[in-house]
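Numbering (the working numbering), first residue to last: 6 to 443.
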């Protein structure tokens with residue numbers, strides 16, 4: 006007989022995964038408490054003034070947040086000891102950063118588990134939803150919780166793993182409608198976690214035979230996309246070598262019913278895809294083992310990391326060098342229609358240009374550009390001084406027809422580097438000498 010579920014839980018970590026998840030449960034009638042050790046994050050949440058571009062059935066996240074805070078269905082704090090004492094279900098959504106050498110920083114997850122362990126009681130359930138290297142849940146998470154609590158996992162408290170599968174901007178829909186895979190340290194953990202996750206998710210839950218299987222599944226889901234992006238970007242390089250239109254080539258390939266080549270770009274950014282292969286690598290014991298077991302993923306990650314540098318080289322050749330040239334980026338986020346610059350290849354490209362002497366400015370009222378770059382608030386004004394306009398992404402605050410007119414007005418002096426195919430189907434633009442495609 007299925008146990009009655011308490012409609013009360015706590016979310017550990019209130020970032021791009023944790024906060025939408027907390028609101029998803031709050032909107033479904035749960036009493037949700039959230040904790041994040043960053044006081045500034047908590048202040049922004051309490052003020053309902055997030056830059057996060059999420060909506061909940063068309064209602065902007067800040068409006069939903071304001072409502073849930075006002076009616077008490079969501080409470081947030083920066084202190085673990087301020088979480089309600091009667092909460093028995095905890096969901097961890099703390100990330101694992103990587104450095105430029107692909108080394109994993111497990112300190113944030115370890116610290117969160119240590120603090121959470123101090124609160125654990127007999128009968129509690131912990132569900133880890135962070136993307137982690139294989140063995141992390143049964144290893145680091147379990148041992149840290151046991152050490153801090155003095156309790157025994159599987160006997161005194163239950164532990165399960167189910168990675169998130171959301172894309173930024175679609176969190177609410179995908180928390181409810183994306184199928185889930187769940188693993189537990191025992192059957193009771195698996196069943197309890199399935200019940201909690203299924204309370205807001207409408208799709209059948211895949212109950213896996215082990216936690217480790219679910220951890221690996223998540224890493225390969227994202228790493229496979231990293232490989233597919235590398236294929237698309239290398240197609241673009243090859244097409245450029247023979248002066249073949251990249252987007253037309255992709256469209257031609259994709260007329261085959263069993264082929265799905267992605268749209269190429271300037272690289273891979275964000276919290277998920279660039280991290281997947283390093284998480285796989287971090288699960289292994291040596292670089293040699295990575296090369297033996299995962300050569301395709303190693304090559305793809307190297308290729309994607311190098312893509313902004315390759316694009317910078319193309320721009321340098323096209324412009325006869327970059328020293329002293331003025332470049333205006335129209336959009337700086339890590340992907341289309343985003344406010345997030347985490348791992349943004351647009352930032353990497355801008356940095357590469359600046360390192361060889363270009364003066365870089367950014368037009369983007371949605372995403373916040375790094376301070377080392379200048380800010381431009383008007384495309385037409387920027388086109389008067391810029392030597393090149395760069396379109397690394399599509400952004401919601403850009404009037405592209407106005408941009409086109411600004412470039413045409415400066416034709417012969419200004420080039421347009423359209424690396425997202427914004428004008429790929431505009432016959433008036435395609436044949437212009439000032440138009441540079443990917």
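From the three backbone atoms N, C-alpha and C, an ideal C-beta is built for every residue, glycine too. The structure presented is a predicted model; accordingly, all values stated were derived computationally and were not measured.
* Local Cβ density within 10 Å of residue 249, reported as buried at 16 or more and exposed below that -> For the purposes of this step, residue 249 is identified with residue 244 of the chain shown, where counting begins at 1. Around the beta carbon of residue 249, a 10 Å sphere encloses fewer than 16 other beta carbons of the protein chains shown; the residue is thus reported as exposed.
* Ordered along the chain, which non-local residues of its own chain (more than five positions away) have a Cβ less than 7 Å from that of residue 272? -> Your numbering for residue 272 matches position 267 in the chain shown. If we look at residue 272 and ignore the five residues flanking it on each side, its Cβ neighbours are 309, 312, 313, 350, 353.
* Can you tell me the Cβ-Cβ gap for residue 419 and residue 388, rounded? I've got them flagged as a contact below 8 Å. => As a working mapping, residue 419 is identified with position 414 in the chain shown. As a working mapping, residue 388 is identified with position 383 in the chain shown. Contact holds; Cβ gap of about 6 Å.
* Closest by CA to residue 163, which one among 417, 183, 188? -> Sequence index remark: in the chain shown, residue 163 carries index 158 (1-based). Residue 163 has its Cα closest to that of 188, out of 417, 183, 188.
* **Close-in-space but distant-in-sequence residues of the same chain around residue 296 (CB under 7 Å, 5 per side omitted)** => Residue 296 sits at position 291 when you count from the first residue of the chain shown. In its chain, beyond the 5 residues on either side, 303 have a beta carbon closer than 7 Å to the beta carbon of residue 296.
* **Length-filtered (3 minimum) beta strand (DSSP E) runs lying within the region 323-371** => With a minimum length of 3 residues, the continuous beta strand (DSSP E) runs that stay inside the region 323-371 are 331-335, 364-368.
* **Local conformation of residue 12 per DSSP, three classes** => As a first step, residue 12 is located in the chain shown; it is residue number 7 there, counting from the start. It is coil, neither helix nor strand.
* Using the rule of at least 16 other Cβ atoms within 10 Å of the residue's Cβ for burial, across every protein chain shown, is residue 169 buried or exposed? -> Along the chain shown, one-based indexing puts residue 169 at 164. That one is buried.
* Asked: Which of helix, strand or coil does DSSP assign to residue 422?
  -> Locating residue 422 in the chain shown gives position 417, where the first residue counts as 1. The answer is strand: DSSP assigns residue 422 an E or B state.
* To do: Mind checking who residue 36 pairs with in its DSSP beta bridge?
  => Mapped onto the chain shown, residue 36 falls at position 31. Residue 36 is bridged by DSSP to 13.
* To do: State the start and end residues of the unbroken beta strand (DSSP E) segment that holds residue 212.
  => Start at 1 with the first residue of the chain shown, and residue 212 comes out as number 207. Taken as a continuous stretch (DSSP letters only), the beta strand (DSSP E) holding residue 212 covers 210-212.
* To do: Would you kindly work out how many angstroms separate the C-alpha atoms of residue 199 and residue 35, rounded to a whole number?
  => Against the chain shown, residue 199 aligns to sequence position 194. Against the chain shown, residue 35 aligns to sequence position 30. Straight-line Cα distance between these residues: approximately 16 Å.
* **Short Cβ contact (8 Å threshold) for residue 407 with residue 384** => Against the chain shown, residue 407 aligns to sequence position 402. Against the chain shown, residue 384 aligns to sequence position 379. The answer is yes: Cβ separation under 8 Å.
* Asked: Just curious, the beta strand (DSSP E) that residue 133 is in, first and last residue?
  -> As a working mapping, residue 133 is identified with position 128 in the chain shown. Start and end: 130-133.
* Asked: If you draw a straight line from the alpha carbon of residue 6 to that of residue 196, how long is it in whole angstroms?
  -> Position 1 of the chain shown, counted from the start, is the residue given in the question as residue 6. Position 191 of the chain shown, counted from the start, is the residue given in the question as residue 196. A caution first: residue 6 carries a pLDDT of 43, below 50, which makes its placement in the model too unreliable to give a value.
* Could you name the residues of the same chain whose beta carbon sits closer than 6 Å to that of residue 176, not counting the 5 residues immediately before and after it, in chain order? => Reading the chain shown from its first residue, position 171 is the one you call residue 176. Correct list, in chain order: 25, 59.
* Asked: In the structure shown, what three-state DSSP assignment does residue 3 receive?
  -> As displayed, the chain neither begins before 6 nor continues past 443, which places residue 3 out of reach and without an answer.
* Identify whether residue 171 lies in helix, strand or coil by the three-state DSSP scheme. => If you number the chain shown from 1, residue 171 lands on position 166. Here residue 171 sits in coil by DSSP.
* Helix, strand or coil at residue 297 according to DSSP, with G and I counted as helix -> Along the chain shown, one-based indexing puts residue 297 at 292. Here residue 297 sits in helix by DSSP.
* To do: Leaving out five residues on either side along the sequence, give the residues of the same chain with a beta carbon under 7 Å from the beta carbon of residue 172.
  => Translated into the one-based positions of the chain shown, residue 172 becomes position 167. So the list reads 179, once near-sequence residues are dropped.
* Starting from residue 80, trace the beta strand (DSSP E) both ways and give me its first and last residue. => As a first step, residue 80 must be located in the chain shown, where it is residue number 75. Taken as a continuous stretch (DSSP letters only), the beta strand (DSSP E) holding residue 80 covers 79-82.
* To do: Would you kindly check if the distance between the Cβ of residue 201 and the Cβ of residue 94 is under 8 Å?
  => Residue mapping note: residue 94 aligns to position 89 of the chain shown, counting from 1. Residue mapping note: residue 201 aligns to position 196 of the chain shown, counting from 1. Cβ atoms of residue 94 and residue 201: closer than 8 Å.
* Looking at residue 122 and residue 84, is the spacing between their C-beta atoms short of 8 Å? -> Residue numbering aside, residue 84 sits at position 79 when the chain shown is read from its first letter. Residue numbering aside, residue 122 sits at position 117 when the chain shown is read from its first letter. Taking 8 Å as the Cβ cut-off, residue 84 and residue 122 do not qualify as a contacting pair.
* Asked: Expressed to the nearest angstrom, what Euclidean distance is found between the alpha-carbon atoms of residue 441 and residue 324?
  -> By 1-based counting over the chain shown, the position of residue 441 is 436. By 1-based counting over the chain shown, the position of residue 324 is 319. Separation of residue 441 and residue 324 (C-alpha to C-alpha, rounded to the nearest whole angstrom) is 11 Å.
* Asked: In three-state terms, what does DSSP make of residue 443?
  -> The residue given as residue 443 occupies position 438 in the chain shown. Three-state DSSP puts residue 443 in coil, outside helix and strand.
* Can you tell me the Cα-Cα spacing of residue 77 and residue 14, whole angstroms? -> The residue labelled residue 77 in the question sits at position 72 within the chain shown. The residue labelled residue 14 in the question sits at position 9 within the chain shown. Spanning the two alpha carbons is a distance of roughly 13 Å.
* Is residue 49 closer than 8 Å to residue 174 when the C-beta atoms are compared? -> Here the question's residue 174 lines up with position 169 in the chain shown. Here the question's residue 49 lines up with position 44 in the chain shown. Against a cut-off of 8 Å, the Cβ pair of residue 49 and residue 174 comes out as no contact.
* Asked: Is residue 298 buried or exposed, if buried means 16 or more other CB atoms sit within 10 Å of its CB?
  -> Numbered from its first residue, the chain shown carries residue 298 at position 293. Residue 298 should be labelled exposed.
* Ordered along the chain, which non-local residues of its own chain (more than five positions away) have a Cβ less than 8 Å from that of residue 259? -> Counting from one through the chain shown, the residue named residue 259 turns up at place 254. Cβ neighbours of residue 259 beyond the five flanking positions: 265, 266.
* Asked: By the 10 Å Cβ neighbour count, where 16 or more other Cβ atoms means buried, how is residue 208 classified, buried or exposed?
  -> Here residue 208 corresponds to residue number 203 of the chain shown, with the count starting at 1. By the 10 Å Cβ count, residue 208 comes out exposed.
* Asked: Are the region 129-147 and the region 208-221 touching, with three or more C-beta to C-beta distances below 8 Å?
  -> Contact between the region 129-147 and the region 208-221 is present, because at least three Cβ pairs lie under 8 Å.
* Taking only runs of the alpha helix (DSSP H) that begin and end inside the region 88-160, which ones reach a length of at least 4 residues, in chain order? -> You should have 112-122, 147-154.
* CB-CB under 7 Å to residue 210, same chain, minus the five flanking residues each way: which ones, in chain order? -> Stepping through the chain shown from its first residue, residue 210 is reached at position 205. Cβ neighbours of residue 210 beyond the five flanking positions: 185, 187, 199, 202, 203.
* To do: Below 7 Å CB to CB, which residues in the same chain sit around residue 167 once its five sequence neighbours on both sides are set aside?
  => Along the chain shown, read from residue 1 onward, the residue named residue 167 stands at position 162. These residues qualify, in order along the chain: 132, 134, 185, 186, 187, 198, 202, 219.
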